[in-house]
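In UniProt numbering, the protein residues as written are 1 to 208.
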């Protein structure tokens with residue numbers, strides 16, 4: 001049913017390896033200048049931090065494909081949807097079920113039972129649409145339901161800058177093996193939650 005996961009993609013691994021080597025070289029050059037009291041290294045630190053962040057985003061996009069490929073053939077549709085939602089700053093919450101059944105854990109919304117397409121997914125999150133505030137549940141290649149309510153993360157309860165969608169994404173990922181895609185309504189930033197952690201993604205990099 002599903003295509004081979006791309007975790008063994010030699011080209012992507014090589015790109016990540018080259019990026020890591022570049023950052024390591026920059027850090028080594030910075031280290032050699034550290035004993036020079038006349039040189040301010042703050043700019044170098046900022047550049048290194050930016051490069052590491054870019055590598056993190058690229059790696060997150062790569063591993064997202066690895067997580068999802070064994071469980072759905074609709075990775076391209078999902079990432080296209082997230083890209084369009086991100087561009088428009090439409091808040092979104094998309095849950096992809098893996099091995100642990102989710103319906104006993106989430107508060108079920110409205111049944112959809114339709115094939116995953118980016119057009120249908122995007123329509124569910126248009127602001128003002130009846131189900132746009134809830135989460136969409138995907139199993140395999142099907143949209144099972146929309147308007148679902150997810151358990152909120154208690155660990156992130158004190159994070160003032162974290163919105164309800166992100167707390168919901170983390171909350172479900174803390175309790176199950178689900179992968180949860182989330183788009184921020186405020187910034188348009190796309191992320192995914194898995195195993196209780198939230199990772200930023202560059203959806204342009206993930207589209208095949």
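Think of the CB as a built atom: it goes at the ideal place given N, C-alpha and C, for glycine as much as any other residue.
Legend entry - Inter-stretch contact at 8 angstroms, needing at least 3 Cβ pairs: the stretch 162-173 / the stretch 67-78: Short answer: they don't touch.
Inset, instruction - List in chain order: all unbroken beta strand (DSSP E) runs of 3+ residues lying wholly within the stretch 37-68. - result: none
Inset, instruction - May I have the straight-line CA-CA distance separating residue 12 from residue 30, to the nearest angstrom? - result: Counted from its first residue, the chain shown places residue 12 at position 12. Counted from its first residue, the chain shown places residue 30 at position 30. Approximately 27 angstroms between the Cα atoms of the pair.
Inset, instruction - Give me the Cα-Cα distance between residue 117 and residue 198, rounded to the nearest whole angstrom. - result: As a position in the chain shown, residue 117 is number 117, starting the count at 1. As a position in the chain shown, residue 198 is number 198, starting the count at 1. Roughly 25 angstroms separates the two Cα atoms.
Inset, instruction - Kindly give me the distance between the Cβ atoms of residue 177 and residue 100, rounded to whole angstroms, as I take these residues to be in contact under 8 angstroms. - result: Within the chain shown, numbered from 1, the residue matching residue 177 stands at position 177. Within the chain shown, numbered from 1, the residue matching residue 100 stands at position 100. Rounded, the Cβ-Cβ distance is 5 angstroms, consistent with contact.
Inset, instruction - Can you give me the start and stop residues for the beta strand (DSSP E) that residue 23 sits inside? - result: Position 23 of the chain shown holds residue 23. Per DSSP, residue 23 belongs to no beta strand (DSSP E); it is in the alpha helix (DSSP H), 10-32.
Inset, instruction - Please report the residue range of the beta strand (DSSP E) in which residue 82 lies. - result: For this step, residue 82 is matched to residue 82 along the chain shown. Where residue 82 is concerned, there is no enclosing beta strand (DSSP E), although the alpha helix (DSSP H) it sits in stretches over 75-88.
Legend entry - Secondary structure, alpha helix (DSSP H): runs of 4+ residues fully inside the stretch 88-158: When DSSP assignments are scanned along the stretch 88-158, the uninterrupted stretches of alpha helix (DSSP H) that are 4 or more residues long and fall wholly within it turn out to be 118-124.
Inset, instruction - Could you check if residue 193 is buried or exposed, using at least 16 other CB atoms within 10 Å of its CB as the buried criterion? - result: As a first step, residue 193 must be located in the chain shown, where it is residue number 193. It counts as buried.
Legend entry - 8 angstroms CB neighbourhood of residue 87 in its chain, flanking five on each side removed: To locate residue 87, count along the chain shown from 1; it is residue 87. The residues are 188.
Legend entry - alpha helix (DSSP H) segments (min. 4 residues) lying fully within the stretch 159-192: 164-175
Inset, instruction - Assign residue 4 to one of two classes, buried (16 or more other C-beta atoms within 10 Å of its C-beta) or exposed (fewer than that). - result: Against the chain shown, residue 4 aligns to sequence position 4. Low confidence applies here, because residue 4 scores a pLDDT of 37, under 50, leaving its location unreliable and the question unanswered by this model.
Inset, instruction - On a CA-only basis, which of 36, 93, 138 and 41 is nearest residue 185? Give me that one, please. - result: The residue given as residue 185 occupies position 185 in the chain shown. The candidate whose alpha carbon is nearest that of residue 185 is 93.
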